[in-house]
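One structure is given here, and the rest of the page talks about it.
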Amino acid sequence: MKPAPFDYVRPDRLADAVAALATPESKVLAGGQSLIPLLSMRLAAPSVLVDINGLPGLDAITVTGDGVRVGALARHTAMLESAEVARVQPLVPMALAHVAHATIRNRGTTVGSLVHADAAAEMPVVLALLGGSLDVEGSSGRRTIGAAELFTGPMESAVGPDEVAVSAFFPALRPGAGVAFDEIARRHGDYALVGAAALVEGERVRVGYLSVSDVPTVVDLTGVAPDDRADAALERLDPAGDIHATAAYRRTLVRVLTDRVVTAAIDDARGAGR
Amino acid sequence: MGQPVQRVEDQRFLRGGGRYLDDVAAGPGTLHAAVLRSPHAHARVVDIDVSGVLDVPGVHAVYTYDDLTGPMAEPLPVLIPHPALTHGRTQYVLARDEVNHVGEAIAIVVAEDRYLAEDAVDRIVVDYEVLPAVVGIDAARAAECLVHEDVPGNVGARLEQTVGDATAAIAAAPHRLELDLEIERSACMPLEGRGTVARWDPDAGRLVLWTSTQSSTGVRAAVAAKLGLDIGHVDVITPDVGGGFGVKIVHPWPEELLVPMAARALGRPVKFVEDRREHFVSSAHERGQVQHVEVGFDDDGRLLGLDVEFWHDHGAYTPYGLIVPIITSTQLLGPYKPGAYRVVFESLFTNTVIVTPYRGAGRPQGCFAMERTMDAIAEYLGRDRAEVRAANFIAPHEFPYDHGLIFQDGRALEYDSGDYPASLEKLRKLIGWDEFAAFRRECAAQGRTVGIGLACYVEGTGVGPYEGAHVHVETTGKVKVATGLTTQGQGHETAFAQIVADELGVPFADVEVVTGDTRRMPYAVGTFASRAAVMSGSAIVKAARRTKEKALRLAAEALEASVEDLEIVEGVVGVRGTDRSVPLGTLSVLSNPLRYAFDEASKAATQFSVGDSEAPPVAEGEEPGLEGKDFYSPVHATFASGMHAAIVETDPATAEIRILRYAVVHDCGHLINPMVVEGQIHGGVAQGIGGALYERMAYDEGGQLLNASFMDFLMPYVTEIPDGIEIDHLETPSPLNPLGIKGAGEAGVIPVSAVIAAAVEDAEGIPIRAMPISPSDLHTLREDHRS
Amino acid sequence: MSETLHEIRLRVNGIEHELRVPARRLLSDALRGELGMTGTHVGCEHGVCGACTILVDGEPGRSCLMLAVAAQDHEITTVEGLAEPDGTLSPVQQAFAECHGLQCGFCTPGFLTTVTAGLRRDPCPTHERARDMIAGNLCRCTGYQNIVRAVERAATIGTERAATLTTERAATVGTERNATIDTERAATISTERAAALADRGSGVSS
């Protein structure tokens, strides 16, 4: 389990990083917590690794009334520990607490986990549910990809091979709104068998799900009677069976978690109103 | 003895100073090996093309079967032959013309480092003709395809043992039950995998081999035989071992032979360190069995006849013979008298990784069969589960108790001692058996579902044939102790030093213990079957006593006193009631008559200083040196026992299973170091919980292992293990050894699946017949039960 | 064609090392191989077991999930760097010995580094937080019972040693120890975060 050979560059300017990514089969190295195991198992064999850890300014977490902008080099831990982030968008730390273990969060980056686009991961669902976005820079300049367009398939994102994700934006929680996150995993810290995040804004109820479809999926449950929410969600989801859970069990978990997170988010909204 | 002495080995482990296999430098210029392994579960190897490999910079050699000669070209040994193993098969060191499981070794590359070796492995091109794979016990029994063409029905062995006429006894019994049971595959999964490093010394004509093994002497004999070396020219050293749990008793692994072969051929040290993915597919697994139980019993739940038939999945080859299923078939009896008993098993070939002992070694499966049966009887009769068990116990006055069966060591299954009613009483108190009904009602009122279960086991520990020990008092007074079996974290350096300190009367800090080094103790068997304390501990007592006798003889002469008047305190021999004394170190000097003095102390032993000029300097029947060597070889095993109970909670919505309390009553005779024994129990229970709720080997129908990583093979973290394992000890000494001890290493794991199954069944009211059980499995059972 | 070697400098346990490694050399391998610091162990090489955990700028990180070339700008601490300069076992090491928190010792370096950093952030953890501190490390031997005890014992030893130090230093004029500053900062961070979460009302996941 040793990586195959690759070239390595560590640019100190974003433009150089973008230029380096013009090489076919190049790959960006940020936190490396997902990429390096893939390299070691030789499931990925890039020609050149573009280490962006030398780029200045990308580790910033900027919190405004509109939301949280997180730079490509900000670690999960920094996000999780930021009181400002928790104040402006509490769903972010709620979900981050479920991302792997603390040691992995120390190195892993939030933007990296978005680009990795794993439908079993927490942060893509959160971005999708909140309607956030990802800023990327490539040879043709900078562009913003909305969450709805970002996740294109299993472990596939709309970030181009010659683009570097520079930051992500998680919109703030509106006054009077509420959020909740919960997941069920085999072991604490494992990828969830099923996870769910809820956002309640007035009458509007939406829930994002992980591990029950190919891409992070958000279901609008606005106006659906409480007892019918899980059924409505399951119409949009496609839970599959694997070695850890049958499809039927995942469906049951979708029911349990839908009720839990929607109830909790409604409570959260009420509490926030006080 | 009996004190929770802090471990001496920890000083190096805590500073990063342990020397595990991969830490052994072995000399400058060490080369590194990587192995090409079969991607197919069953295939003919048509052609291997290594032409693209040797021109890779940094690659020194590549070997395939065609490069092997003499004994190396023959199949690996069947380590433990048995008459019933009529169709035993073992693999070749490198696959000859067929591979029988994913992960089987096909070629080995030796290169400057492991990275380059893996690059080269990727460039070997193998042409396979893929054959249908036999995966799982059902497929093996169906035998629509065969693993080995010349093994009909995929049956490697069939073994039956009987005591009385079980069929007739069951037929005549007032009540009868049948159960179909299943336990899935799991594995030891030590955090350090296998590894071997070898250095050939052309000047001395010797091979030095370090290997992460549970049997250094076994490896030594195997390597000598395979490489055509005199055994006296092979030294095997076991460095610190990062966990074994059974898997490292298997030897020789192909790499344990290929590495020294390459080291000799290339004239450079060669190292192979298995990676985690390799460990999953090329070491060993255990546990997988399907069982059918028939039982007849009376109104009190007393067994009248027991008939057990089971099918044991032994994987692609049988290097370790029938040890695991024999243990299941004998040890499932636990603390009970079965009435008439018949047990028969078939050991089956499948195209999966070999099956060899994993902590517990067949006992968890046997315990599961018996304890599920006990619970089923109690349920059938509407009686208390603990009382049904008590009705079947062997009574304390019935020891020694001979079951009339042959155990795994070829000896009688004769229990030496035990007090099962006392253990049960302790367990009932510890877990609160009688108060549970009230707790259940309390929980029910809160909408919570809880259940309680218990299970009992007996474990034959300390099997033969023997272990030995050498105790040497140096002229400094320091005591060096060697025993040949190996250590994987059990604290032998501490426990054995405690024994020597007590026996010899020396300070604990002056005793240093070495294990698993054939240069220090070439006669040994290995660490398995919870035998280290019993076997080496007893041998060490005997060797220490010999040393002490010699010290006293020497001291009696030096102090002009009689042996009966002497005592040894803190390393000094004194005449009781006087101030005359002599330190052991001085006796060590005197024990070795010298011609040449090399320091101040040794002058005392030179020829003009000491001795009766009329007598030989070394007396008739004596040897120079203050040392003693002895061996311990018991007639048969000593039988430890224990009982566990657990309270679990199951989530009505998510089917998650949580262990609320876990209690252990443990009887391994006298305790050498209670802290170490409790640590062994903790670890065993945690592995048992892994096996009961989390760990399984997920093979698909084609024989691919789908969860060959720590992401998907779910070893428990702290978050999955109950906060607090409650332990109580009973100390029923063994009459078979000088310390009155029994083994403790494996016990913790044995009854856990049975206990958890019982508790989940009690909580859910659904029969649990297969383990492990995941929330998803429980969900399925609930759905099935509803419909 | 042989691989390009990168000249890098690694600062480990306060000492700077110069070495030449290919880009793909894992930090764990560079520490163990090139630098001969074999105290850091490799158990899975995919970031799950935690045996290879080191401290990167004081915080735990998996050395098998870092490339040596990418570790240049960081201060790295391995198990070999945990004992006091005079060789005394650190509070965490001492506690593991006292509580029998290790058996085979292979996973131990990862636990020691993780707990060392954990107690710096949270010097007096509750029982739950002590368990949580080691939740990302696998041990196959101990069943974790005594490791949890060791975390709690280490906190006590740490407090005792700090008290002794404070007493000793009270006589002289000295600067605040870094550890104390870290402690205060960590306490502030967690209080702030707790307050923020409490403001929102807790989510079901917290």
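Protein chains in written order, with my numbering: chain A, 59 to 332; chain B, 1046 to 1832; chain C, 291 to 496.
Note that the Cβ used here is the ideal one computed from N, Cα and C, for glycine as well.
Since we're looking at a predicted model, the values are computed, not measured.
- Spatial neighbours of B:H1220 in its own chain (CB-CB distance under 6 Å, excluding positions within 5 residues in sequence) are listed in chain order as F1342.
- For B:T1075, the secondary structure class from DSSP, reduced to helix, strand or coil, is coil.
- Contact check for C:A313 against C:F386 fails: the beta carbons are separated by 9 Å or more.
- Per the Cβ contact rule, the region 1552-1561 of chain B is not in contact with the region 1473-1493 of chain B (fewer than 3 Cβ pairs under 8 Å).
- In the three-state DSSP reduction, B:Y1137 falls in the coil class, being neither helix nor strand.
- B:P1628 carries a strand assignment under DSSP once its states are collapsed to helix, strand and coil.
- A:V183 has its alpha-carbon roughly 9 Å from the corresponding atom of A:A153.
- Take B:Q1543, set aside five residues on each side of it, and the residues of its chain with a beta-carbon closer than 8 Å to its own are M1046, Q1048, V1050, F1553, I1717 and N1718, in chain order.
- Here B:F1653 is exposed, its C-beta having fewer than 16 other C-beta atoms within 10 Å.
- Nearest to B:H1727 by alpha-carbon distance, out of C:C431, C:T403 and C:A425, is C:C431.
- For B:I1372, the enclosing alpha helix (DSSP H) stretches over residues I1368 to Q1376.
- Going by beta carbons, B:S1575 and B:G1790 fall inside the 9 Å limit.
- For the C-beta of A:R165, the chain C residues within less than 8 Å are, from N- to C-terminus, V346, G351, R352, L355 and M356.
- Looking from the CA of A:A175, the closest CA among A:V263, A:A132 and A:S269 belongs to A:S269.
- Among the bridge pairs identified by DSSP, B:T1683 is matched with B:T1506.
- The residue among B:T1699, B:R1244 and B:L1751 with its C-alpha nearest the C-alpha of B:R1827 is B:T1699.
- Following the DSSP letters along the chain, one finds B:H1448 in no alpha helix (DSSP H) but inside the beta strand (DSSP E) bounded by residues Y1446 to I1451.
- In this structure, the straight-line span from the alpha carbon of A:T275 to that of A:E180 is close to 11 Å.
- Boundaries of the beta strand (DSSP E) around A:P229: V222 to P229.
- Relative to the Cα of B:D1092, the nearest Cα in the group B:I1151, B:L1784, B:V1388 and B:A1187 belongs to B:I1151.
- C:I447 has a beta carbon lying at 9 Å or more from every beta carbon in chain B.
- For chain B, the residues of the region 227-246 of chain A that bring a beta carbon within less than 7 Å of one of its beta carbons are I242, R244, R245 and H246, in chain order.
- Chain B places a beta carbon closer than 9 Å to that of C:D422, counting this residue as a contact.
- In chain order, V1253, T1563 and R1564 place their CB closer than 6 Å to the CB of B:D1280, counting only its own chain and leaving out the 5 sequence neighbours on each side.
- Its Cα nearest to that of C:L355, the residue A:L93 stands out among A:D326, A:L93 and A:L131.
- Just so you know, the alpha carbons of A:M137 and B:Y1108 end up roughly 52 Å apart.
- Rounded to whole angstroms, the separation of the alpha carbons of B:T1764 and C:V382 is 21 Å.
- Near chain B, meaning a CB-to-CB distance below 8 Å, the residues of the region 291-315 of chain C are M291, S292, P312, R314 and R315.
- Residue range Q1334 to F1342 is occupied by the beta strand (DSSP E) that includes B:Q1334, with no alpha helix (DSSP H) assigned at that position.
- In the structure shown, the three-state DSSP call for B:Q1206 is strand.
- Within the DSSP secondary-structure output, C:E308 pairs in a beta bridge with C:R299.
- Residues are counted here when their Cβ sits less than 8 Å from a Cβ of chain B; for the region 86-110 of chain A these are M99 and R100, given in chain order.
- The beta carbons of C:T398 and B:L1059 sit about 7 Å from each other, so the pair counts as a contact at 8 Å.
- In this structure, the CA atom of B:D1285 is about 7 Å from the CA atom of B:Q1533.
- For C:I366, the enclosing beta strand (DSSP E) has its first and last residue at E365 to T367.
- Per the coordinates, the alpha-carbon of C:V311 lies some 8 Å from the alpha-carbon of C:A358.
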